[in-house]
Structure formats: C-alpha cells, structure tokens
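A.B. asks: If you read the sequence shown in my numbering, its first letter stands for residue 12, the second for the next number, and so on. Before anything else, here's the structure in question.
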Amino acid sequence: METSNCDTGIAKAVTSEGFHVDLHVKILDERVVQRAKARGLDALVYAPHFTRLPDIRAKAERFSDDELTVIPGRELFTGTWQRRRHVLAVGLDEQVPDFLTLDGTMAELERQDAAVLVPHPGFLSVSLGIEELRTYASVIDAVEVYNPKHLPHHNRRARRFARETDLPTFASSYAHLHGSIGEAWTAFDEALQTADGLARALRDEVPRRIVHRDGLRHTLRRGLEFAHLGYENSWEKFDRVMLQGTAPTHPDHVAYDGKFDDIKVY
12 METSNCDTGI AKAVTSEGFH VDLHVKILDE RVVQRAKARG LDALVYAPHF
62 TRLPDIRAKA ERFSDDELTV IPGRELFTGT WQRRRHVLAV GLDEQVPDFL
112 TLDGTMAELE RQDAAVLVPH PGFLSVSLGI EELRTYASVI DAVEVYNPKH
162 LPHHNRRARR FARETDLPTF ASSYAHLHGS IGEAWTAFDE ALQTADGLAR
212 ALRDEVPRRI VHRDGLRHTL RRGLEFAHLG YENSWEKFDR VMLQGTAPTH
262 PDHVAYDGKF DDIKVY
C-alpha cells in the first residue's frame, strides 16, 4: 500500500518491495542484527537514550555490513525530567546533549540541517503534542504514526495529529526488546544506506510506505513492549541518570565544553 508524504494510511501486509528501514530501535547486538536480516530489513536507526553521538556512531559501524546498514540517531531528551519531550534526530554533524529547552534543541537541529522526527506523538508525558507539532512544523520532517509500544488509540491519535498538521509520517519498531525488531518499518523506493542519505530523504518528503506485521504474535509483542514502560519510567532510571554523577549526555559534561549553557534546563 503506497502512502504519499502526508497520507497516514498503514499497510498490514508484509511486502518485499522497497528499502525497508526501522527508523527507531533502542538496542543493538548480534541478536538484533540477525533478527533484522531474517525479517527482511535493510537498515536500522540506532538511537539509544543517554549515549553520546560518537559512541552511537562507533557501535552502528561495528554492526553494519553488506546486508544491513545501522544508521546512528539521537533521541534527544529535552526539558526537565518532569516535563520531558523526546525528539529523534538523524544526520547530526555535531553532538547535541539532553536536558536542553525544546526551543533550543529544535534551533540546534535546524542549524545542523538534521532530519527531525517526532516519535510517539502525544504519548504519555514524554512526547510532543498537537500544539508543539504546530509550533515546530517548519522544523519537523515526519511524525510517527505507528509503533508496537502504542495502544490502538495512541496510533489513531498520532494519525490525527499528522493529518491536522499536514506533516509526513513514519513507523518504527521502537524496539526496547529483541523480539520487537522487524515488527514495523518504513519502506522507501530508493536505497538509503547512509545517515546523510536517509536524512535527505526524510527532509525532502520522499514517498514511503508505512508497514507493520499483524496477527496474534504481533499483538503479544506489542503487549510486552507496552509492559516494558514500567522499567523505562522507573525511579531506578531517574537515579541512574540524574543522581549518580554527570550523565554522558548532560550539557555539563566536558564533552560539550559549555557550548549549551545558555539553553540547558539543569
């Protein structure tokens, strides 16, 4: 099922046509690579939380080969822990820390001409809502309208947001668990085997198809991913990131050399 730049239709049938990209995964190891290849994916965007860009790039390169391209990305954690908003960037040239203002983050991504994606819009307390999508529509390149962590009403709301803002769309597995790899992806007609090439396609609104698996196994995978939210938003994670020394992606880290002091929130 072909979808135009702003069409929010979603294909459930598995197809072998096109270049299949899972635009957002959180994990990367040999099992991820094997499962991605078995599921017919051509590329993954690896964007773990609280990991600096050079480390993401190094790991992505290590797990890339002629069959599967792993593209580095950054899901940026903007704002304070209590009012956090996530933004996914592909094609960054320079490092951007977490815990910046949303406005400051968007300005920096625009300066670097990165592709700016909105993962899980309107989802819980970690996402951009409809007003923020409208505010930053000129910077945003695509809105996620399907991932397995969403419940059905989350996906319906995401599609509505995309329609109301006339923004292009994408899908991903948003995999935090190995079994979620290959459950959803975005298919392009052309091969996009570099971060710059993928960023260009997203910025230029290259036509794409939004595809996901279906059936009982997919439903079970979705349930497991949703249940994983309990760990993701636990006090343990807050303690590890905020209270046990300077996080690698905190703007105070020496890696950023004070460059973002004027727009940091901590």
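We treat Cβ as the ideally placed atom computed from N, Cα and C, and that holds for glycine.
(1) Is DSSP giving Phe74 helix, strand or coil here?
(2) Considering just the uninterrupted stretch of the alpha helix (DSSP H) at Val137, what are its terminal residues?
(3) Would you kindly report the start and end of the unbroken beta strand (DSSP E) that includes Pro83?
(4) Indicate the three-state DSSP secondary structure (helix, strand or coil) for Asp114 in the structure shown.
(5) Between the C-alpha atoms of Leu79 and Pro179, what's the straight-line distance to the nearest angstrom?
(6) Quick one: give me the first and last residue of the alpha helix (DSSP H) that Phe237 is part of.
(7) Closer than 8 Å is the cut-off here; do at least three beta carbon pairs connect the segment 71-91 with the segment 40-48?
(8) When we look at the beta-carbon of Val234 and count the other beta-carbons within 10 Å, is it buried (16 or more) or exposed?
(9) Using the beta-carbon count (16 or more within 10 Å), is Asp104 buried or exposed?
(10) Say whether the segment 220-233 touches the segment 64-71, bearing in mind that this needs 3 or more beta-carbon pairs closer than 8 Å, one atom from each stretch.
(11) Distance, Cα to Cα, His223 vs Leu144?
(12) By DSSP, does Ala266 sit in helix, in strand, or in coil?
(13) Which residue from Gly133, Ala100, Phe134 and Gln106 puts its Cα closest to that of Ala125?
(14) Using the Cα positions of Glu119 and Leu227, report the straight-line distance between them to the nearest angstrom.
(15) Mind pulling the beta strand (DSSP E) runs of 3 or more residues that sit fully within the segment 151-215?
(16) Rounded to whole angstroms, how far is the Cβ of Phe281 from the Cβ of Pro108, which I believe are closer than 8 Å?
(17) Is there contact between the segment 28-37 and the segment 196-203, where contact requires at least three CB pairs shorter than 8 Å?
(18) Grouping DSSP H, G and I as helix and E and B as strand, with all else coil, what is Ile221?
(19) Report buried or exposed for Ala24, applying the criterion of at least 16 other Cβ atoms within 10 angstroms of its Cβ.
(20) Could you give the distance in angstroms between the alpha-carbon of Val278 and the alpha-carbon of Thr91?
C.D. replies: According to the structure shown:
(1) coil
(2) Run containing Val137: none; DSSP gives neither H nor E here.
(3) Thr80 to Thr89
(4) helix
(5) In a straight line, the C-alpha of Leu79 is about 25 Å away from that of Pro179.
(6) Leu227 to Ala238
(7) yes
(8) Residue 234 is actually Gly in this sequence, not Val. Answer is exposed; the Cβ neighbour count stays below 16.
(9) exposed
(10) no
(11) Looking at the two C-alpha atoms, the distance is approximately 24 Å.
(12) Judged by DSSP in its simplified three-state form, Ala266 adopts helix.
(13) For the residues Gly133, Ala100, Phe134 and Gln106, the minimum Cα distance to Ala125 belongs to Ala100.
(14) 42 Å
(15) 153-157, 180-182 and 195-199
(16) No statement about residue 281 is possible, as the shown extent of the chain runs from 12 to 277 and does not include it.
(17) yes
(18) strand
(19) Any reading at Ala24 needs caution, since the residue's pLDDT is 46, under 50, leaving its predicted position unreliable; the model's value is listed next. The Cβ neighbour count for Ala24, taken over all protein chains shown within 10 Å, is under 16; the residue is labelled exposed.
(20) The structure shown does not extend to residue 278, since the chain spans only 12 to 277, so no value can be given for it.
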